[in-house]
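Per the working numbering, the first sequence starts with residue 233, numbered consecutively. Using N, Cα and C, we set each Cβ at its ideal position, and we do this for glycine too. Shown next, in structure tokens, is the structure this report addresses.
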Amino acid sequence: MKKEIWKDNPLDSLKTAILEAIKTAYPGLGYEYEEINLDIPPDPKMGDFGFSCFELAKKIRDNPAKISNNLSEKIKPTKFIDKVCTSGPFLNFFLKNEIFISDIINHILFQKESYGRINLGNGKGIMIEYSAPNTNKPQHLGHVRNNTIGMALSNILEKAGFRVYRVNLVNDRGIHISKSMIAYKLWGNGKTPESEGKKGDHFVGDYYVLFEQKAKKDPVLLKEAQELLIKWENGDKDVVNLWRKMNNWVYEGFDETYRRLGCKFDKIYYESDTYKLGKDIVFKALKEGHCYKDSKGDIVIDLRDRGLEKKVLLRKDGTSVYITQDIGTTVMKFNDFNIERSIFVVASEQKYHFKVLFNVLDIFGYEWAKNCFHLGYGMVYLPEGKMKSREGKVVDADNLMDELHQLAKNEIMKRNRNIHGEELEKIAESIGIGAIKYFLLKVHPLKDIFFNPEESISFEGTTGPYVQYTHARISSVMRMGGNKINESPDYSLMTTPEEIQLSKLLAKFPDIVFESASSYNISRVANYLFNVAKAFNKFYHDHSILNAGNKKLTAGRVNLCKASLIVLKEGLKLLGIEPLEKM
RNA sequence: GCGCCCGUAGCUCAGUUGGAUAGAGCGCCGGGCUUCGAACCCGUAGGUCGCAGGUUCGAGUCCUGCCGGGCGCACCA
């Protein structure tokens with residue numbers, strides 16, 4: 233972490249002043265810029281920003297209160313710092329508000345959409361694999377969480393200065409695919425998604441569910457599915473053709489779901505392609521002695537000295553297992569792209585699998601194996617428990633989006649906002665999908681989510697629509713006259729707690745991007761945006777902007793609105809939620 | 001049984017990487033639109049941070065042990 237990362241941070245001069253005071257007071261002490269962390273004191277009466285001296289006390293082996301006192305004498309008021317005072321071990325700063333406000337607003341208005349960009353990544357390549365659907369069923373709420381996290385993380389890392397590559401890995405082969413194929417062969421009667429007027433992934437998914445129902449009573453069906461899989465592996469023409477036809481139906485369905493969610497990929501990997509490379513690599517590793525053939529004939533690797541178990545890498549009949557394909561895919565990723573790090577966004581239930589995978593790759597001699605990271609997010613549960621595709625017990629992604637679209641539409645019409653026709657549909661879509669995304673993103677990715685359809689997604693409080701509403705509200709003020717202000721602002725007139733609080737929060741945006749990107753915690757951005765929106769709404773409620781009674785004050789407040797608009801817009805874009813001008 | 005994750009207000013969640021008096025939203029009760037968007041704002045009530053120890057100036061946060069919930073531990077992907 234080098235200083236250049238923070239170049240864009242408006243609080244830079246405060247941090248620099250503290251560092252210089254430390255260097256003057258304690259020469260030779262190795263204290264670094266990035267160790268300086270600013271707090272916000274519990275009460276504004278105590279100061280605008282604070283620095284605690286406990287860390288220093290540890291290094292110097294002295295009383296933190298004494299250090300704080302000592303430092304306070306070394307820091308003189310600057311154009312920026314009004315007053316320094318101590319409160320025990322805390323060194324508190326009062327800023328010259330008009331300078332602070334004018335600095336931060338000017339900074340944001342100058343930076344525009346690049347405000348918040350930091351240099352954490354320094355242009356380094358990073359890959360994010362997300363979504364990874366199976367081609368035997370439509371996507372459900374769990375996939376939506378995955379897609380939403382994957383997109384947001386990609387955007388945030390991009391903002392943090394990484395070169396991000398988004399990829400998908402489609403699980404298009406295996407016994408589960410054979411099951412829907414068998415069901416279609418037996419009961420499909422030549423129907424197609426077109427003939428039934430159904431989305432392709434739903435059409436295929438119905439046969440998968442049908443198979444599971446029938447297979448309960450007729451075990452022969454499972455055998456048929458297994459035989460079909462072997463035929464597929466042997467390249468049987470009819471089987472491969474049917475496989476291709478049904479997968480294409482599914483892809484057409486997925487395209488529609490991805491379009492609505494806004495999923496974009498630089499490349500899509502198919503396991504039907506990558507498993508072959510995986511096999512080659514395992515055979516090579518066998519020759520090199522990294523793994524061995526056990527008494528049954530399976531190729532096995534022994535990971536017990538790494539605290540793991542033995543793991544089969546290839547079946548005795550030469551067919552691949554799950555990990556074989558992932559070995560191939562991961563090697564292919566590092567061959568295809570110039571990346572330093574590879575992130576796998578996959579549900580946390582697969583934690584062990586990835587631990588094994590990364591260890592195997594490490595043993596095989598790939599130095600980049602230590603740069604693979606599994607971002608395992610928590611499960612999504614329904615009130616009745618875990619979602620189960622094979623029983624059809626899921627919250628379907630497409631239905632959910634339709635439902636929220638409709639709810640949003642009702643809300644708009646209730647407010648009678650002169651929004652009609654195509655525009656109404658477009659805005660309802662943005663709000664509905666924004667609500668879903670925000671609902672999933674505001675929770676820490678590691679935590680499980682319990683989804684209650686009746687109460688989970690609302691349009692009030694800590695929600696996507698609340699943030700979007702604030703954005704639309706500011707946009708409206710701009711339309712109503714904000715954009716036509718020519719007067720130059722006088723920031724010394726902006727002295728209220730609401731104006732100061734909002735400005736302080738806007739100044740935190742680059743810090744939030746940093747924290748979110750370095751910990752892969754997308755919920756930080758979501759919660760920060762809520763705080764910004766809340767601070768804006770409070771400010772808006774308490775103070776008049778266009779009718780402030782003083783043109784220079786109006787100009788200042790309009791600029792504060794513009795700066796807030798930029799932060800909200802950039803923040804929403806990071807989350808993959810569309811900022812709206814009207815709603 | 002073994003391994004990993006999670007326990008914070010009635011419910012859903014934050015908690016700036018160990019810092020000042022633990023915060024929001026929803027819900028309940030009450031208040032605020034002839035004035036820039038009320039999908040908004042304000043107030044009241046609500047807590048043994050699962051329990052018990054430990055580490056230190058300081059623990060919701062770190063270590064240990066319990067309790068409760070989840071997820072893994074296949075030639076399924």
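| Item | Value |
| --- | --- |
| Does G348 pass the burial test, meaning 16 or more other C-beta atoms within 10 Å, or should it be called exposed? | buried |
| How long is the line joining the alpha carbons of G597 and T694, rounded to whole angstroms? | 47 Å |
| Using only the alpha-carbon positions, how far apart do E428 and N378 sit? | 30 Å |
| DSSP on D743, reduced to helix/strand/coil? | helix |
| Which of the three DSSP states, helix, strand or coil, is assigned to F497? | coil |
| With DSSP as the reference, identify every bridge partner of S412, one or two as the case may be. | Answer is none; S412 lacks a bridge partner. |
| Of the residues F762, A787, F671, Y701, which one's Cα is nearest the Cα of N715? | A787 |
| Span of the alpha helix (DSSP H) holding E428? | 425-428 |
| Using the DSSP secondary-structure output, state which residues sit across from V544 in a beta bridge. | V532 |
| Unbroken beta strand (DSSP E) runs of length 3 or more, entirely within the region 351-400: which are they? | 357-361 |
| Three-state secondary structure (DSSP) at P523? | According to the sequence provided, residue 523 is Cys. The question's Pro does not apply to it. Coil at C523, not helix or strand. |
| Compute the Euclidean distance between the alpha carbons of G260 and L614, then round it to the nearest angstrom. | 58 Å |
| Should W464 go down as buried or exposed, given a rule of 16 or more other Cβ atoms within 10 Å for buried? | buried |
| Please report how far the alpha carbon of T817 lies from the alpha carbon of Q458, in whole angstroms. | Outside the shown range of the chain, which is 233 to 815, sits residue 817, and nothing can be said about it. |
| Within a Cβ cutoff of 8 Å, which residues of the same chain sit near L607, ignoring the five residues on either side of it in sequence? | I381, L385, I575, F576, V577, V578, P677, Y752 |
| If you measure between the beta carbons of K814 and A704, is that distance less than 8 Å? | yes |
| At which residues does the beta strand (DSSP E) containing Y613 begin and terminate? | 612-614 |
| Return helix, strand or coil for L807, following the three-state DSSP convention. | helix |
| Looking at the unbroken beta strand (DSSP E) that takes in K315, where does it start and where does it end? | 313-319 |
| Within 10 angstroms of its Cβ, does G713 collect 16 or more other Cβ (buried), or is it exposed? | exposed |
| Opposite N403 in the DSSP bridges: which residues? | N366 |
| For E236, which residues in the same chain have their Cβ closer than 8 Å to its Cβ, ignoring the five residues on either side in sequence? | Caution applies to E236, whose pLDDT of 39 falls short of 50 and renders its modelled position unreliable; the model cannot decide the point. |
| For E572, which residues in the same chain have their Cβ closer than 7 Å to its Cβ, ignoring the five residues on either side in sequence? | K356, G357, I358, N603 |
| What is the DSSP secondary structure of N473, counted as helix, strand or coil? | helix |
| Give the C-beta separation of D680 and M611 to the nearest angstrom, bearing in mind that I take them to be a contact with Cβ-Cβ under 8 Å. | 5 Å |
| Quick check: the Cα distance between Y397 and G510, rounded to an integer number of angstroms? | 22 Å |
| Counting only runs that start and end within the region 642-682, where is the alpha helix (DSSP H) found for 4 or more residues in a row? | 653-673 |
| Taking the straight line between their C-alpha atoms, what separation do you get for L454 and G617? | 26 Å |
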